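Residues 4 to 105 (our numbering) make up the sequence shown, in order. Worksheet for the structure shown next.
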Amino acid sequence: MNALQQRFAGGKAQVVGISCDSVYTLKAWADSLGGVDYPLCSDFWPHGKVSQAFGVFNADVGRPERAIIVIDGQGVVRYVDVHQLREVPDEEEIAQALESLR
């Protein structure tokens with residue numbers, strides 16, 4: 004995601020990481036990577052409220068699915084990609100979704 008943030012830093016897009024982990028866990032994760040170049044947000048409490056609002060929370064396992072969501076300037080969801088934890092998102096597909104906002 005750092006590469007995506009750098010790619011779109013000059014545009015009107017912002018990469019944000021959202022997780023149901025606590026802020027302390029998110030900080031430890033980011034530190035283990037040597038830092039990240041985008042904001043991380045905790046959806047810890049109420050547990051998964053943001054993930055639920057976007058329809059990507061998996062109540063069976065108590066965590067959100069891994070997802071990329073593109074939201075336009077008016078707050079309308081324009082693109083959703085839900086994928087497996089070990090699956091790498093298609094950067095070009097995300098780029099096309101972002102380009103469609105222009």
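Every residue, glycine too, gets a C-beta built ideally from N, C-alpha and C. Quantities reported herein were computed from a predicted structural model and do not represent experimental measurements.
Exercise for the section: Give the single residue among Gly38, Gln77, Glu90, Gln55 whose Cα lies nearest to the Cα of Asp46. Expected result: What you label residue 46 is simply residue 43 of the sequence shown in a count that begins at 1. Among Gly38, Gln77, Glu90, Gln55, the Cα nearest to that of Asp46 belongs to Gln55.
Exercise for the section: Tell me whether Leu22 sits in a helix, a strand or coil according to DSSP, three-state version. Expected result: Walking along the sequence shown from the start, residue 22 turns up at place 19. In the sequence as displayed, the identity of residue 22 is Ser instead of Leu. If DSSP states are grouped into helix, strand and coil, Ser22 belongs with the strands.
Problem - Cβ distance (whole Å) where Ala33 is taken to contact Val39 below 8 Å - result: As a first step, residue 33 must be located in the sequence shown, where it is residue number 30. As a first step, residue 39 must be located in the sequence shown, where it is residue number 36. Between Val39 and Ala33 the Cβ distance is about 5 Å, and since that is below 8 Å, they are a contact.
Problem - Residues that DSSP places opposite Arg81 in a beta bridge - result: Taking the sequence shown and counting its residues from 1, the one referred to as residue 81 is at position 78. Residue pairing of Arg81 in beta bridges, as defined by DSSP: absent, with no partner found.
Exercise for the section: May I have a chain-ordered list of the beta strand (DSSP E) segments no shorter than 3 residues that lie completely inside the region 18-74? Expected result: Complete beta strand (DSSP E) runs here, min 3: 20-22, 43-45, 69-74.
Problem - Separation of Pro49 from Asp93, as counted between CA atoms - result: Here residue 93 is taken as the residue at index 90 of the sequence shown, counted from 1. Here residue 49 is taken as the residue at index 46 of the sequence shown, counted from 1. If you take the alpha carbons of Asp93 and Pro49, they lie about 30 Å apart.
Problem - 7 Å CB neighbourhood of Val106 in its chain, flanking five on each side removed - result: Given a span of 4 to 105 for the chain in the structure shown, any question on residue 106 remains unanswerable.
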